[in-house]
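Protein chains in written order, with this note's numbering: chain A, 915 to 1260; chain B, 915 to 1260.
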């Protein structure tokens, strides 16, 4: 499985620090109060965390505006998605999507049905209706990776009706939720519903890929079923401690949202002037690009020698070598990347 | 699934800090150099860890005296055991054993065969020979939890021959390895073998249950198979950083070994004078006890009000309410526990 973020394999290709445009981490770093909290958390390492993670779940529930009995936690969003797969017969996905939606269930011995998005990377209702069966788990990225598109509220409600009608279950992977425009909140939307799980994480928005903290909203009755299949103590003490501070910093959250929108617009605008690029609309902190000339390997190689690592996108089922994905970072890096792209003549 | 270590559920039962004799963590805490290293590691949280964990695997390989191509890592021993189960058809265990050897494979949809140890908690070769089939995974705790017994070298070699003959695979869970007498090293013993995985962890000996660091020795060819089914980035940045210092502190390692042996002998000696207790031999930092009078609930309740949490053992398949398990801790705590036990008149 190919993933972004592997700058380790490219050390030495460039005489300096490689700027990682292949993984989509908020460049502003975590909330300021975190460092002091994690310093204290050292003392907690020598005991097992609460096996029920009660304090952590309370902190998350407050942030998500739900009850702590509706919160499950995991070692990153990935563990939650993996565990969710165990509870269903078949997994249904729309491609292109995050590769682990396909790989992980297969590793777990589950059948995976891959449906194709339309040419605008939207879900096709007909194929969903024809495919979805009782006890299927439909996994959708919202916003979706690598396309960067958030599901419109009306579309989401309509597809959830299909899920309910078929007695299937919907997993929304909202790892990039906070970067999006505030059109709706899936948790608020589905608070009274039983056939849905909304997964989020500290990884991307709170800039903490190294801490492994994922969490999800589920119906309280469903949670009873879920906790029976969890591994014990999977969330480490530092992730537990991070939950005490990161969700409270409203000023930080607002600032990151604002900056992301500004930089996304800046990049989309600049990219539109480069003649070998067609960039797709994005609701989040990364941008999918169709290469009108050249292929991903050529662009990757040219950029790695200039100190930028981009995400080749052909490893996403449904895309090919004429797609790449770029993160949205801080203005200085974004300007440097745009200059590097402008220098490439194809 | 019932586990030890859940002091959170008993807050308020005792007017003070409950001493946790239910989980088996080295009471001396982690090596001194760790704190400064983890302080620096804060800066690493905002990037994904190396997806191949090359540095960490090199540090572990040096400690285990093997090649880094023979090392796999996980979020605690538990993730390694869970992933290993995915690679085999059936799981074979001897009870009593750590409950997750039975629960986790079942959650993963695997058939679990439970064989019974003999009355001295030893493996029975006949049942193993009659049961083991091609592509079975035999999981054995070494030393075993909750019995505290290490498999004798000759027994281990003999049973590995059966595993090979049947074309099965052996997983040794050696989470408590360093607490044991230095009779043999399974990794040295099986360095050239292909049908074995030796799992160890920072959790117990290095007193780091909160950091989630497990690692294992496997044959290089087997590792190629294993990494195909791993979840990406499952080891957090702090666990990765811990690997830089904990394995190097030879003086610490020697001291913890020595202290554990001394305290184990102290406790076994004192326990032998209590007439309602029969304690079993132990090679590690916990002791299994047969209650000659009374049952686990009564003893648990009496001790929790005195500030000690013990491990009831009836949740281990193959044991009943007449067993409890005690950790081996520091002299002051051990003396206090022994006094509390002596006060109980049955």
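Ideal Cβ placement from N, Cα and C applies to all residues, glycine included.
For this session: Can you pull the chain B residues whose beta carbon is under 8 Å from the beta carbon of residue 949(A), in chain order?
Result: 956
For this session: Output, in chain order, the set of chain B residues within a Cβ distance shorter than 7 Å of residue 963(A).
Result: 1124
For this session: Using a cut-off of 8 Å between C-beta atoms, extract the partners of residue 1150(B) located in chain A.
Result: 989, 1124, 1125, 1126, 1150, 1152 and 1153
For this session: Could you tell me whether the Cβ atoms of residue 978(A) and residue 1131(A) are closer together than 8 Å?
Result: yes
For this session: At 8 Å on the CB atoms, spell out the chain B contacts of residue 1018(A), in chain order.
Result: 1145
Exercise. Do the region 992-1006 of chain A and the region 1155-1169 of chain B touch if we need at least three Cβ pairs shorter than 8 Å?
Worked result: no
Problem set entry | Cβ shell of residue 976(A) (< 8 Å), same chain only, five flanking positions each side left out | 1161
Exercise. Taking DSSP as the reference, what is the three-state secondary structure of residue 920(B)?
Worked result: coil
For this session: Quick one: list the residues of chain A neighbouring residue 1060(B), beta-carbon separation under 9 Å, in chain order.
Result: What residue 1060(B) touches in chain A: nothing, since even the nearest Cβ is about 16 Å away.
For this session: Taking only runs that begin and end inside the region 1052-1104 of chain B, name each unbroken alpha helix (DSSP H) of 4 or more residues, in chain order.
Result: 1067-1079 and 1100-1104
Problem set entry | Min CB distance residue 1057(B) to chain A below 8 Å | no
Problem set entry | Check whether residue 995(A) and residue 1113(A) have beta carbons under 8 Å apart | yes
Problem set entry | Supposed contact pair residue 949(B) and residue 1091(A) - C-beta distance, whole angstroms, cut 8 Å | Residue 1091(A) to residue 949(B), Cβ: 35 Å. No contact.
Exercise. Unbroken alpha helix (DSSP H) runs of length 4 or more, entirely within the region 991-1057 of chain A: which are they?
Worked result: 1014-1021 and 1039-1045
Exercise. Within this structure, are the beta carbons of residue 1228(B) and residue 1237(B) separated by less than 8 Å?
Worked result: yes
Exercise. If you draw a straight line from the alpha carbon of residue 983(A) to that of residue 1095(A), how long is it in whole angstroms?
Worked result: 28 Å
Problem set entry | Rounded distance between the beta-carbons of residue 1211(A) and residue 1226(A), thought under 8 Å | 7 Å
For this session: Let me know the secondary structure DSSP gives residue 1129(A) once reduced to three states.
Result: strand
Exercise. What number of angstroms, rounded off, separates the C-alpha of residue 1143(B) from the C-alpha of residue 1121(A)?
Worked result: 26 Å
Exercise. Can residue 1198(B) and residue 1057(B) be called in contact, C-beta distance under 8 Å?
Worked result: yes
Exercise. Could one say the Cβ of residue 1010(A) lies closer than 8 Å to chain B's Cβ atoms, at least one of them?
Worked result: no
Exercise. Going along the chain, which residues of its own chain have a beta-carbon closer than 6 Å to the beta-carbon of residue 1020(B), five neighbours each way excluded?
Worked result: 1026
Exercise. Should residue 1126(A) be labelled buried (16 or more other beta-carbon atoms within 10 Å of its own) or exposed?
Worked result: buried
For this session: Figure out for me which residue from 1248(A), 1191(A) and 1140(A) has the closest Cα to the Cα of residue 1179(A).
Result: 1248(A)
Problem set entry | Burial state of residue 934(A), where buried means 16 or more other Cβ atoms lie within 10 Å | buried
Exercise. Counting Cβ pairs closer than 8 Å, one from the region 1137-1157 of chain A and one from the region 983-992 of chain A, do we hit at least three?
Worked result: yes
Exercise. When the Cα atoms are used, what is the spatial distance from residue 1043(A) to residue 964(B)?
Worked result: 41 Å
For this session: Give the single residue among 937(A), 953(A), 980(A) and 927(A) whose Cα lies nearest to the Cα of residue 1224(A).
Result: 937(A)
Problem set entry | Within chain B, partners of residue 943(A) - CB distance below 7 Å | 960
Problem set entry | DSSP bridge partner residues for residue 911(B) (one or two, in chain order) | Because chain B here runs from 915 to 1260, residue 911(B) falls outside it and cannot be looked at.
Exercise. If you check the beta carbons only, do residue 1063(A) and residue 1035(A) fall under 8 Å apart?
Worked result: yes
For this session: Compare the C-beta of residue 1121(B) against all C-beta atoms of chain A and say whether one is closer than 8 Å.
Result: yes
Problem set entry | Unbroken beta strand (DSSP E) run spanning residue 1200(A), endpoints | 1200-1205
For this session: Kindly indicate which residue of 1191(B), 921(B) and 1098(B) has the alpha-carbon position closest to the one of residue 1258(B).
Result: 1191(B)
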